[in-house]
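K.L.:
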Amino acid sequence: MKPNTILCCGEALTDFIPRLTQEGAPAFEPKVGGSVFNTAIALGRLGIASAFLGGLSSDFFGDELRKALSASHVDISLAPVSERYTIAAFVKFEDGQARYSFIDEGSACRMLAPADLPVLPEPVSALHLGSFPLAIEPCGEAFETLCRREHQRRVIHFDPNIRANLIKDRASHRARVEGIVAMADIIKMSDEDLAWMAPGSSAEAFAKDWLKRGAKLVVVTRGKDGALAFTSRFECGIPGVQVKVADTIGAGDTFTAGLLAWLHGENLLNKPAIAALDQERVVAALKFAVKAAAVTVSRPGADPPWAHELAHKLEG
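Using the working numbering, the letters of the sequence shown map in sequence onto residues 355 to 670.
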């Protein structure tokens with residue numbers, strides 16, 4: 355494993371994307387995907403040392419996931435492989451936004467348990483986690499346990515990425531999210547996540563609350579309208595990038611990768627540096643993250659950019 359690796363902890367699955375056959379009949383096309391999987395892929399493509407931790411299957415969908423991770427230079431040595439099946443996520447587009455229906459009971463991802471957690475090697479310097487595995491068991495408990503075990507010595511980036519249809523107990527899931535917030539250094543959430551977590555609350559009020567709980571940087575993405583960022587000392591924002599949208603799958607995941615990649619490339623992905631970030635650096639990180647996400651939304655499916663497709667060169 356390479357030095358200063360970012361370990362992405364969460365789900366890898368098969369997205370079934372709606373398409374029309376040559377005869378015009380409706381159909382679903384399988385694509386590799388998953389929020390945390392997409393972020394790992396995007397980091398690897400941007401030249402950042404990236405690894406994936408999540409339950410993978412030995413079925414043929416799992417074969418494709420492992421091939422895709424390896425092709426984007428993502429280390430999968432920590433990811434356990436079992437004969438359990440790969441999660442299926444069926445996608446429906448409404449007003450340009452993706453909605454998901456999951457088949458996950460007993461899947462390789464879901465059944466990752468605390469006992470399956472590996473000892474993390476020294477090269478792992480940061481963890482990214484979040485998305486719907488935190489809402490299902492036993493993997494939710496496993497990833498929360500991992501965060502609790504590692505947060506004092508490794509940077510934690512957290513993206514709640516709420517999937518409301520998978521959350522059976524709103525109160526308990528919110529409690530888990532808030533527990534991880536208290537351990538996280540950086541939090542990225544979408545305006546949709548904000549609407550679920552605190553209906554009617556402003557991004558500023560909500561971010562200030564999470565900063566008081568322990569986070570050092572809170573970022574709220576707003577789709578085509580760009581992103582906002584908050585620290586205990588300042589707040590700032592940038593507009594979105596105008597682009598012809600193919601679909602929004604993987605946009606937020608690529609934004610996360612862009613944010614982490616920029617900080618990594620500037621040697622700022624460590625706890626003291628994150629706590630001391632100034633507005634100029636935060637704005638630069640946001641701009642790069644938005645630019646990376648704009649490439650993803652410009653092409654169908656979660657297809658993050660490679661480093662050569664972006665003007666800013668990162669040092670890995």
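Just so it is clear, CB atoms sit at the ideal spot from N, CA and C, and this is done for glycine as well.
Here the structure is a predicted model, which is why all the values come from computation and not from measurement.
(1) My understanding is that Ser544 touches Gly606, with C-beta atoms under 8 Å, so please give their C-beta distance in whole angstroms.
(2) In chain order, what residues of the same chain lie with their CB nearer than 6 Å to the CB of Ala647, ignoring the 5 residues before and after it?
(3) Output yes or no for whether 8 Å exceeds the beta carbon distance between Ala462 and Arg438.
(4) Nearest-angstrom Cα distance between Val573 and Arg528?
(5) Count the other CB atoms, across all protein chains shown, that sit within 10 Å of the CB of Thr575; report buried if there are 16 or more and exposed otherwise.
(6) My output table needs one value for Glu669: the three-state DSSP class, helix, strand or coil.
(7) Are three or more beta carbon pairs between the stretch 584-601 and the stretch 630-643 nearer than 8 Å?
(8) What does DSSP give as the partner residue(s) for Arg453 in the beta ladder?
(9) With a threshold of 16 other CB atoms inside 10 Å of the CB of Ser389, please say whether the residue is buried or exposed.
(10) Could you check the C-alpha separation between Asp523 and Leu488 for me, to the nearest Å?
(11) With distances taken Cα to Cα, identify the nearest neighbour of Thr499 among Ser526, Gly533, His511.
(12) My output table needs one value for Phe486: the three-state DSSP class, helix, strand or coil.
(13) With distances taken from CA atoms, which of Phe447, Ala552, Ala405 is nearest Asn358?
(14) Considering Gly594, what are the terminal residues of the beta strand (DSSP E) in which it resides?
(15) Pairing CB atoms from the stretch 370-385 with CB atoms from the stretch 423-431, are three or more of them under 8 Å?
(16) Would Glu365 pass as a contact of Phe444 if the rule is Cβ separation under 8 Å?
(17) If the criterion is Cβ atoms closer than 8 Å, does the pair Ala381 and Leu423 meet it?
(18) Rounded to the nearest angstrom, how far is the Cβ of Leu367 from that of Gly387, given a contact under 8 Å?
(19) Excluding sequence positions up to five away, which residues of its chain have a Cβ less than 8 Å from the Cβ of Leu623?
P.N.:
Working from what's here:
(1) Taking the first residue of the sequence shown as 1, we reach residue 544 at position 190. Taking the first residue of the sequence shown as 1, we reach residue 606 at position 252. Going by Cβ atoms, the distance from Ser544 to Gly606 rounds to 6 Å, so yes, they are a contact pair.
(2) Locating residue 647 in the sequence shown gives position 293, counting from the first residue. Taking C-beta separations shorter than 6 Å and ignoring five residues to either side along the sequence, the partners of Ala647 in its chain run Ala605, Thr608, Phe609, following chain order.
(3) Here residue 462 refers to the residue found at position 108 of the sequence shown. Here residue 438 refers to the residue found at position 84 of the sequence shown. In contact: Ala462 and Arg438 (Cβ atoms closer than 8 Å).
(4) One-based indexing of the sequence shown puts residue 573 at position 219. One-based indexing of the sequence shown puts residue 528 at position 174. Those two C-alpha atoms are separated by around 18 Å.
(5) As a first step, residue 575 is located in the sequence shown; it is residue number 221 there, counting from the start. It counts as buried.
(6) Taking the first residue of the sequence shown as position 1, residue 669 is located at position 315. Legend: pLDDT at Glu669 = 44, less than 50; position of this residue unreliable, value from coordinates given subsequently. If DSSP states are grouped into helix, strand and coil, Glu669 belongs with coil.
(7) These segments touch.
(8) The count along the sequence shown starts at 1 and reaches residue 453 at position 99. Answer by DSSP bridge pairing, in chain order: Lys446.
(9) Along the sequence shown, read from residue 1 onward, the residue named residue 389 stands at position 35. It is buried - the Cβ of Ser389 has at least 16 other Cβ atoms within 10 Å.
(10) The sequence position of residue 523 within the sequence shown is 169, counting from 1. The sequence position of residue 488 within the sequence shown is 134, counting from 1. Approximately 12 Å, taken between the alpha carbons.
(11) Translated into positions along the sequence shown, residue 499 becomes position 145. Residue Gly533 is the option with its Cα nearest to Thr499.
(12) Translated into positions along the sequence shown, residue 486 becomes position 132. DSSP places Phe486 in helix when its eight states are reduced to three.
(13) Indexing the sequence shown from 1 puts residue 358 at position 4. For the residues Phe447, Ala552, Ala405, the minimum Cα distance to Asn358 belongs to Ala405.
(14) Sequence index remark: in the sequence shown, residue 594 carries index 240 (1-based). Unbroken run through Gly594: none, as it is neither H nor E.
(15) No, they do not touch.
(16) Locating residue 365 in the sequence shown gives position 11, where the first residue counts as 1. Locating residue 444 in the sequence shown gives position 90, where the first residue counts as 1. Their beta carbons are not under 8 Å apart, which means Glu365 does not touch Phe444 by this criterion.
(17) Translated into the one-based positions of the sequence shown, residue 381 becomes position 27. Translated into the one-based positions of the sequence shown, residue 423 becomes position 69. Inclusion of Ala381 and Leu423 in the CB contact set at 8 Å is not warranted, their separation being larger than that value.
(18) Here residue 367 refers to the residue found at position 13 of the sequence shown. Here residue 387 refers to the residue found at position 33 of the sequence shown. A Cβ-Cβ separation of about 6 Å places Leu367 in contact with Gly387 under the 8 Å criterion.
(19) Residue numbering aside, residue 623 sits at position 269 when the sequence shown is read from its first letter. Closer than 8 Å at the Cβ level, and outside the excluded window around Leu623, lie Asn358, Ile360, Ser479, Ala480, Val509, Leu614, Leu617.
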